[in-house]
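Protein sequence lines, in the order shown, are assigned to chains X and W.
Mind the numbering: the first sequence is residues 284 to 395 in the numbering used here, read in order.
Mind the numbering: the second sequence is residues 105 to 688 in the numbering used here, read in order.
Backbone N, C-alpha and C fix where the C-beta goes; we use that ideal spot for every residue, glycine too.
Remember, predicted model here, so these are calculated numbers, not experimental data.
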Amino acid sequence: MNDYNADPQPRRLSEDHYSLDVKVINEMGLHARPASLVVGIASKYPCEVTVRNGSKLVDAKSILQLLSLSAEMGTHLTLETRGDDALEAIRQLAELVENGFYDPPSDAPSTG
Amino acid sequence: MEIFRGIPVFPGLVMGPALILDPFDLPVARTRISKQSVEAEILRFEEAAERLGREIAEDERAARDRFGNEIAMIFQAQKMMVADQKLHETVAQQITRDLVSAETSARRALQEYIRFFRSLRNSPLADRAADLIDIERRLIAQLTQQQSAESPDSNETGIILARDLSPSQTASLDARRVLGFGTATGGRTSHTAILAGAMEIPAVVGLGDFLSTVHNGDSVILDATEGCLIVRPDPTTIERYKRAQSQQLRIEAELLSDRGLPSVTLDGEEVEVFANIEFPHEAQHALDMGAAGIGLYRTEFLHLHCVEPPTEEDHFQAYQSVLEVMGPDRPVTVRTLDLGADKIFDRPVSEQENNPVLGLRSIRLSLREVGLFKRQLRALLRASVFGNLRIMFPLVTTVMELRRCRLILADVMEDLEEEKIPFKRNIPIGMMVEVPAAALLAEQFSKLVDFFSIGTNDLIQYTLAADRTNENLATLYSASDPAVLKLLREVVKVARKQHVELSICGEMSGEPIYTPLLFGMGLRQLSVTPHKIPEVKRVVRGLTRAEALRLCGRVNRLDNSRDITSILRDRLRKISPEHAHDLE
């Protein structure tokens with residue numbers, strides 16, 4: 284596991300606004316599978332969830348937008364959640380990052 | 105009559121009417137709507153998207169049954185795209201704001217993404233454009249309630265011609281009615297190429313801009329052995345092809361009826377003929393063609409043509425299924441990841457290189473991305489209990505690389521032991537000999553492996569510094585080159601002395617013209633494309649050791665590939681007269 288993502292700590296920007304810096308460590312970049320996992324989590328929460336790659340900001344509830352970030356391996360991304368359940372949403376996303384997007388699943392530490 | 109040249113991806117010779125598919129020629133019924141119908145129009149889009157989602161789910165299931173998980177995943181991603189929230193928002197907004205029809209709006213929204221993904225030329229994401237084009241076409245078909253523009257519904261038999269074939273188009277074609285495929289774009293690793301190979305339908309891709317000169321129903325000849333498409337052939341050409349075709353059919357029928365015959369020379373020496381495969385489901389076909397086992401199972405397919413890199417489970421299932429089909433005894437040699445320069449589209453953009461053929465690829469990539477490598481090895485070891493597995497490392501150049509491979513493999517074994525996961529401990533380990541450095545140091549390498557497999561495609565390319573896909577160098581790139589043959593002899597000598605098992609894969613081993621020479625040089629294991637097995641075995645049955653040795657002696661005295669090819673051709677004509685036609 285890449286050290287950078289080993290212990291992702293969300294930052295609290297305001298009461299219901301959090302952010303998390305991550306680095307893309309998948310060989311193929313942020314491709315369809317990890318993107319779909321992000322969409323899956325983001326869509327569960329009412330809050331706004333965005334992903335930023337440099338100056339490009341997209342809605343994390345859209346697979347097409349996430350893919351169009353064309354984030355290659357090594358890219359630094361910033362995830363942000365804002366609104367109801369923002370903290371819970373960012374925690375879930377942090378867990379996904381920590382587990383390397385479950386890629387491969389067998390290497391993923393248990394999430395208990 | 106007009107002739108177009110392209111890249112043959114599955115051989116064969118077919119004649120028939122042109123059936124043209126054009127994914128861009130979409131019927132768009134209405135464009136403008138009234139203010140009152142905005143809501144109804146949005147609902148119409150939502151319903152069409154939902155129907156399409158169900159249809160794609162159906163495709164996903166069918167593809168999984170027919171082709172396995174790898175292809176099914178293409179549809180899985182498409183399903184998510186059709187349901188995309190942002191896409192739905194954009195379409196609804198455009199309908200409301202611009203008073204355009206659902207068709208127009210959907211098309212506009214999707215085209216924007218298509219343009220964007222297309223612009224990412226060297227990224228794996230560029231392939232997503234093909235998915236979106238597919239979705240666009242099918243969404244509009246849903247909206248107009250028409251059967252989609254693709255022609256599999258027609259009862260006509262013919263040769264499918266298109267700019268490019270989308271995954272759903274190709275997968276839904278009825279193999280019995282499709283004589284062949286010809287596409288303007290695409291390369292050896294395009295969806296079309298892979299599926300044509302899986303369906304065993306003659307196909308030529310990359311024909312260039314030929315669609316403007318051909319009309320639906322025109323008579324065409326697709327020569328997927330040579331890689332050309334002949335539009336409106338003249339009577340002489342038709343006659344010539346008819347003769348060639350009937351001869352080809354006759355030979356194929358004869359070969360198939362002979363396939364159970366042993367692969368033994370006239371004087372009783374056995375030559376084992378194995379199959380090179382790419383997809384798990386090809387294993388059964390290889391058996392049907394009479395393969396003694398799998399001599400080369402390429403595993404790149406798991407990485408290409410998938411939406412995402414394979415998981416350990418994806419690897420495992422593929423290997424397990426091949427091993428189970430081949431049974432407990434027939435060897436299955438699996439080559440670890442060999443992503444190469446010609447598959448550049450599937451590499452991360454960050455790793456673009458000036459000279460990718462000489463770059464970070466194959467085992468070099470595996471040794472750098474150890475996580476990826478270990479995942480594959482782990483799956484291989486887990487699968488080893490299901491049959492006679494052998495593991496082979498590609499593009500090995502230095503002894504240090506091979507040592508590192510073995511260390512990593514030992515590491516993975518240790519992990520499995522700790523986790524109490526069963527695997528075989530005595531799996532034969534081998535390497536491809538495809539870099540001249542490896543051939544020259546075969547002696548040193550032989551102490552670290554159980555077997556060698558000579559990969560002629562790369563060995564020729566690296567020895568002669570000639571790209572095999574470069575048309576201008578077609579005469580330079582030759583398996584008959586004396587320098588290449590000298591390296592082969594060296595490897596054979598070492599393998600014999602050191603008692604290392606030796607086989608040869610690559611196109612050369614499946615070309616009957618080389619069978620007598622390879623036998624004479626001392627090779628007793630050939631690994632070839634499944635459909636070449638009966639032909640190669642037939643040539644083997646016409647050989648004798650004494651004659652083959654004499655042939656070798658004559659070849660060794662020649663100093664250029666042209667003369668060597670010429671005497672090999674004469675030799676083959678004597679052994680197998682039916683090849684006379686092919687060799688003209």
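Integer-rounded CB distance, given that residue j should sit under 8 Å from residue i
{"i": "W/Thr296", "j": "W/Asp327", "result": "That belief does not hold up - the Cβ atoms of W/Thr296 and W/Asp327 are roughly 17 Å apart, past 8 Å."}
{"i": "X/Thr361", "j": "X/Ser297", "result": "So it is not a contact: roughly 15 Å between Cβ atoms."}
{"i": "W/Ser631", "j": "W/Asn380", "result": "5 Å"}
{"i": "W/Pro337", "j": "W/Ile325", "result": "5 Å"}
{"i": "X/Val332", "j": "X/Ala372", "result": "6 Å"}
{"i": "W/Phe420", "j": "W/Arg486", "result": "5 Å"}
{"i": "W/Ile558", "j": "W/Ile531", "result": "With a Cβ gap of about 21 Å, W/Ile558 and W/Ile531 do not count as contacting."}
{"i": "X/Leu347", "j": "W/Leu191", "result": "6 Å"}
{"i": "X/Gly312", "j": "X/Glu355", "result": "4 Å"}
{"i": "W/Ala233", "j": "W/Arg222", "result": "5 Å"}
Host alpha helix (DSSP H) of residue i (start-end)
{"i": "W/Ala167", "result": "Val142 to Phe171"}
{"i": "W/Val436", "result": "Careful: W/Val436 lies outside any alpha helix (DSSP H), inside the beta strand (DSSP E) at Pro435 to Arg439."}
{"i": "W/Pro620", "result": "Thr619 to Met625"}
{"i": "X/Val380", "result": "Ala369 to Glu381"}
{"i": "W/Ile467", "result": "Ser466 to Arg472"}
{"i": "W/Gly657", "result": "Arg649 to Asn660"}
{"i": "W/Ala233", "result": "Arg232 to Leu247"}
{"i": "W/Arg645", "result": "Segment: none, W/Arg645 is in no alpha helix (DSSP H) and carries neither H nor E."}
{"i": "W/Ala196", "result": "Gln189 to Asp202"}
{"i": "W/Arg109", "result": "Segment Glu106 to Arg109 is the beta strand (DSSP E) holding W/Arg109; no alpha helix (DSSP H) there."}
{"i": "W/Ser665", "result": "Ser665 to Ile679"}
Residue of the options minimising C-alpha distance to residue i
{"i": "W/Ile199", "options": "W/Ser223, W/Asp188, W/Ala181 and W/Gln140", "result": "W/Gln140"}
{"i": "W/Arg148", "options": "W/Ala210, W/His419 and W/Gly610", "result": "W/Ala210"}
{"i": "W/Leu580", "options": "W/Ile564, W/Leu592 and W/Leu589", "result": "W/Ile564"}
{"i": "W/Leu123", "options": "W/Leu315, W/Asn660, W/Asp562 and W/Ala230", "result": "W/Leu315"}
{"i": "W/Pro638", "options": "W/Ala348, W/Cys609, W/Glu615 and W/Val426", "result": "W/Glu615"}
{"i": "W/Leu441", "options": "W/Pro526, W/Pro540, W/Val426 and W/Met535", "result": "W/Met535"}
{"i": "W/Arg170", "options": "W/Glu386, W/Pro540 and W/Ala230", "result": "W/Glu386"}
{"i": "W/Lys524", "options": "W/Arg482, W/Pro435 and W/Thr567", "result": "W/Arg482"}
{"i": "W/Val537", "options": "W/Val368, W/Val595 and W/Pro586", "result": "W/Val595"}
{"i": "W/Ala144", "options": "W/Ala206, W/Val539, W/Phe549 and W/Asp362", "result": "W/Ala206"}
{"i": "W/Val377", "options": "W/Pro384, W/Phe383, W/Met504 and W/Asp392", "result": "W/Asp392"}
{"i": "W/Glu356", "options": "W/Thr289, W/Arg280 and W/Pro634", "result": "W/Pro634"}
{"i": "W/Leu283", "options": "W/Thr289, W/Leu265 and W/Val429", "result": "W/Leu265"}
{"i": "W/Lys641", "options": "W/Arg675, W/Ser367, W/Thr501 and W/Glu457", "result": "W/Ser367"}
{"i": "W/Leu511", "options": "W/Asn492, W/Val553 and W/Val659", "result": "W/Val553"}
{"i": "W/Val118", "options": "W/Arg661, W/Gly331 and W/Pro526", "result": "W/Gly331"}
For residue i, the three-state DSSP class (helix, strand or coil)
{"i": "W/Phe555", "result": "strand"}
{"i": "W/Gln629", "result": "strand"}
{"i": "W/Phe114", "result": "strand"}
{"i": "W/Glu417", "result": "helix"}
{"i": "W/Pro121", "result": "strand"}
{"i": "W/His635", "result": "helix"}
{"i": "X/Thr361", "result": "strand"}
{"i": "W/Ile137", "result": "coil"}
{"i": "W/Glu521", "result": "helix"}
{"i": "W/Asp450", "result": "Note that W/Asp450 scores a pLDDT of 44, beneath 50, so its modelled location is shaky; the value from the coordinates is reported in the next line. Three-state result, W/Asp450: helix."}
{"i": "W/Gly475", "result": "helix"}
{"i": "W/Val500", "result": "coil"}
{"i": "W/Glu373", "result": "coil"}
{"i": "W/Phe378", "result": "strand"}
{"i": "W/Arg402", "result": "strand"}
{"i": "X/Val334", "result": "strand"}
{"i": "W/Arg507", "result": "helix"}
{"i": "X/Thr394", "result": "Caution is warranted here: a pLDDT of 35 is assigned to X/Thr394, below 50, making its placement in the model unreliable, and the coordinate value is therefore given only provisionally. Reduced to three states, the DSSP call for X/Thr394 is coil."}
N- and C-terminal bounds of the beta strand (DSSP E) containing residue i
{"i": "X/Asp342", "result": "Lys339 to Asp342"}
{"i": "W/Ala210", "result": "Not the beta strand (DSSP E): W/Ala210 falls in the alpha helix (DSSP H), residues Ala206 to Ser223."}
{"i": "W/Ala395", "result": "Note, W/Ala395: premise wrong, no beta strand (DSSP E); not H, not E."}
{"i": "W/Arg267", "result": "W/Arg267 -> no beta strand (DSSP E), and no H or E assigned at all."}
{"i": "W/Leu493", "result": "Asn492 to Phe497"}
{"i": "X/Ala354", "result": "X/Ala354 -> no beta strand (DSSP E), and no H or E assigned at all."}
Contact test: residue i Cβ vs the ligand GDP heavy atom, cutoff 6 Å
{"i": "W/Arg168", "result": "Inclusion of the ligand GDP in the displayed structure is not the case, the ligand content being empty and no account of it being possible."}
Chain B residues whose Cβ lies nearer than 9 Å to that of residue i
{"i": "W/Leu333", "result": "Among the protein chains in the structure shown, which are X and W, there is no chain B."}
**Q.** Runs of beta strand (DSSP E) lying entirely within the region 272 to 358 of chain W, each at least 3 residues, in chain order
**A.** Taken in chain order, the complete beta strand (DSSP E) segments of 3 or more residues contained in the region 272 to 358 of chain W are 282 to 287, 307 to 309, 323 to 327 and 332 to 335.
Q. Which runs of the alpha helix (DSSP H) fall wholly inside the region 298 to 332 of chain X and span at least 4 residues, in chain order?
A. With a minimum length of 4 residues, the continuous alpha helix (DSSP H) runs that stay inside the region 298 to 332 of chain X are 315 to 325.
**Q.** Any beta strand (DSSP E) of 3 or more consecutive residues that is wholly inside the region 532 to 615 of chain W
**A.** If we require 3 residues or more, the beta strand (DSSP E) runs fully inside the region 532 to 615 of chain W come out as 533 to 537, 555 to 559 and 605 to 609.
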